[in-house]
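One structure below.
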Amino acid sequence: MEIVIASGKGGVGKSTITGSLISLLSKDFKLGAVDADAEAPNLHIIFNVREWEREEEFADAKTAEINDSCINCGLCDNVCVYEAIYIDGRRRIKQYLCEGCGACKAVCPVDAITISDAISGWLRTGKTKYGPLVSAELDVGKPNSGKLVTEEKKIAREWRDKGEIDHIIVDAAAGIGCQVISSVSGANLVLLVGEPTPSSLSDMKRMHGLAKHFGIETKMIINKYGLNEGYRGLEEFAKENNIEIIGRVPYDSSVPKALNSMMPLVEFDPDSKASKAIKEIADVVKGWL
Ligand code: SF4
Ligand code: SF4
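Residue numbers (our numbering): -3 to 285.
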């Protein structure tokens, strides 16, 4: 199976739940983990990966450069909506602002501008005690097209095709942008993680709509349960849309301590309220694998 853990909203504790589920499930299954949050990857921190086995640059962006034949006419300044062109002795380009759109090259009268491939991020693979992990990291200011996540999943699927792993667990980024679309593409199931707040519900609805669009089944986990007593928004949404709630994880002060110790919560404090709830969720997931 390929299971995606997603939330729509950031900060609901998705990676905490993902890390603990992988820790528990890896005792019975050969798992491959995909950290699909290329803007803020953190599974390697929870899994205490200090060295990568493989690291390669990923070029998915374009960037402009101005060469010495520039006659300083200033035409390019007028068309760069990203304000990436500046003068320092001669005209130069701020690489972190340049989107590689080519507008400057189109207006340059002396062909002084070249557009070339630019490094947009890095793909990394490493070993953890729970199985292999593939992670990605976008460079600052580079566009998040989702291709980086597609490459990550390709690597994980190759592991599966070679029999190195049986199942893939994907920790998706927040939002419903390109990288999340890439995360859910081809998956069997999306586990929606939410916290009992209206903003989490609002973003979960969008995430659920995305999964539904792709025809992917969804289940729900309510994290930080009890933090907002009396709030029933997630439960009502689940009922209205026939989404099974497979667990309610209570708010637990052990969570930040586990993060600080770079350990999955279920290993840092196995007897905590949250760990016990996640173990029950893992038992449900085991039934699907
Ligand atoms: S390629 Fe586009 S973004 Fe980059 S400097 Fe030229 S006009 Fe600006
Ligand atoms: S349009 Fe070409 S020649 Fe004119 S300032 Fe820009 S780079 Fe230089």
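Even for Gly, the Cβ is constructed at its ideal location relative to N, Cα and C. Computed from a predicted structure; not experimentally measured.
Query, Result
"By DSSP, does T193 sit in helix, in strand, or in coil?", "coil"
"At a cut-off of 8 Å, would you count A99 as near ligand 1, judging by its Cβ distance to the nearest heavy atom?", "yes"
"Here's the rule I'm using: 16 or more other beta-carbon atoms within 10 Å means buried, otherwise exposed. How should E53 be labelled?", "exposed"
"Grab the span of the alpha helix (DSSP H) containing N184 for me, first residue to last.", "Taken as a continuous stretch (DSSP letters only), N184 belongs to no alpha helix (DSSP H), as it is neither H nor E."
"By alpha-carbon positions, which one of W118, V186, M203, H209 ends up nearest to E49?", "W118"
"With which residues is H163 paired in a DSSP beta bridge?", "L27"
"Alpha helix (DSSP H) containing N256: first to last residue?", "250 to 256"
"Using C-beta distances below 7 Å, list every residue in its chain close to A152, excluding the 5 sequence neighbours before and after it, in chain order.", "G28, V30, V130, I164"
"Please state whether DSSP places F43 in a helix, a strand or coil.", "coil"
"Given 8 Å as the limit, tell me if P252 has its C-beta closer than that to any heavy atom belonging to ligand 2.", "no"
"Compare the Cα-Cα distances from E95 to each of V136, D33, A170, S16 and report the closest residue.", "V136"
"Can the beta-carbon of A2 be found less than 9 Å from the beta-carbon of L144?", "no"
"If you draw a straight line from the alpha carbon of I115 to that of E133, how long is it in whole angstroms?", "11 Å"
"Just checking, does the region 174 to 187 make contact with the region 206 to 225 on the three C-beta pairs under 8 Å criterion?", "yes"
"If I measure Cβ to Cβ from D73 and keep anything under 6 Å in the same chain, skipping five residues before and after, which residues do I get?", "I81"
"Which value, in whole angstroms, describes the spacing of the CA atoms of R156 and D162?", "6 Å"
"Go ahead and label R46 buried or exposed: buried means 16 or more other beta carbons lie within 10 angstroms of its beta carbon, across all protein chains shown.", "exposed"
"Run through DSSP, which three-state label would K235 get?", "helix"
"Can you grab the Cα-Cα spacing for the pair P192 / G171, in whole Å?", "17 Å"
"At what residues does the beta strand (DSSP E) containing V130 begin and finish?", "127 to 134"
"Considering only residues of the same chain and omitting the five flanking positions on each side of L106, which have a CB-CB separation below 6 Å?", "For clarity, residue 106 is Val in the given sequence; the question names Leu instead. Here the set comprises S65, I67."
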